[in-house]
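Student: To convert a position in the sequence shown, counted from 1, into the working numbering, add 262.
By construction, the Cβ of each residue, glycine as well, lies at the ideal position given by its N, Cα and C atoms.
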Amino acid sequence: MGKRTLSLALLFFGGLFLYGASADTGGVKKLKMQFATGPLLKFQIWYRVFEEYTRVLNQRYPDIRIEGESYLPLPIYRHIASFLSIFKLAVIGLIILGKDPFTFFGMQTPRLWVWGQENKIYACMMVFFLSNMIENQCMSTGAFEITLNDVPVWSKLQSGHLPSMQQLVQILDNEMKLNVHMDSLPHQRS
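1) Are the stretch 389-404 and the stretch 337-354 in contact at 8 Å, needing three or more beta carbon pairs?
2) Which of the three DSSP states is assigned to Met-438 in this structure?
3) For the beta strand (DSSP E) that contains Leu-410, what are its first and last residues?
4) By a C-beta neighbour count over all protein chains shown, 10 Å radius and 16 as the cutoff for buried, is Phe-364 buried or exposed?
5) Which two residues bound the contiguous alpha helix (DSSP H) that contains Ser-347?
6) Mapping DSSP to helix, strand and coil, what is Leu-374?
7) Exposed or buried, what is Leu-419 when buried is set at 16 or more other beta-carbons lying within 10 Å of its beta-carbon?
8) List the endpoints of the continuous alpha helix (DSSP H) containing Pro-363.
9) Which residues does DSSP list as the beta-bridge partners of Val-413?
10) Can you tell me whether Phe-367 is buried or exposed, with buried defined as 16 or more other CB within 10 angstroms of its CB?
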C-alpha cells in the first residue's frame, strides 16, 4: 500500500509540475509576428486562423506590424476557472491522501467518494479532466477581434463569424486610405 500511495503522489506531483509548466500565468499571451514601424494591426484571436491571415497580410501589407493576443473572458469566468483549478488540486490531494472531508463537516460520506478512495487513479484522472473541461469552457470566448491602431475594424463577437480574407483586405484598404487622407488634411487650430 505504501508503494501505491507513493506512486500516486509522484504521478500527482509530476502531472502538477507539467500542468504548471504549460499553464498561462494569467497575463495576456502575446505573439509578435513581425517587427515593422507602420500601423499596428492587432488580432485577439484563435491562433491557427491568425497564422493564416498573418501570412497573407504580411505579403500584401509589409509595413504593418501584426500582433496576436488572447482575448480574455469576463472576470467572473476567470475567477471561476481559477477557483476550479485550486479546488481540483485540493480534491486530488484528498483522494491521494485517503482523507474524507465529509466527516469533518459531520456529513455522511457519498458513495462516489468511497468509489474514489477505492479507485484513486481513475478518480484523480476523472477530477482532473472534468475540471479542465469546465475551466477551458470558462476561458473560451470564441473571439476574433481585429483593431488597426487601437480602432476596432472587425468583431466576431458582434458579427458572429470570421471575416473572409477578401473582406479583411477590403476593410484594411479602406482604413489605410482613410488614414492617409486624414494625415494629409491640414491641422486646424482652435
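Tutor: Looking at the coordinates:
1) yes
2) helix
3) 407-410
4) exposed
5) 337-359
6) helix
7) exposed
8) 363-366
9) Leu-410
10) exposed
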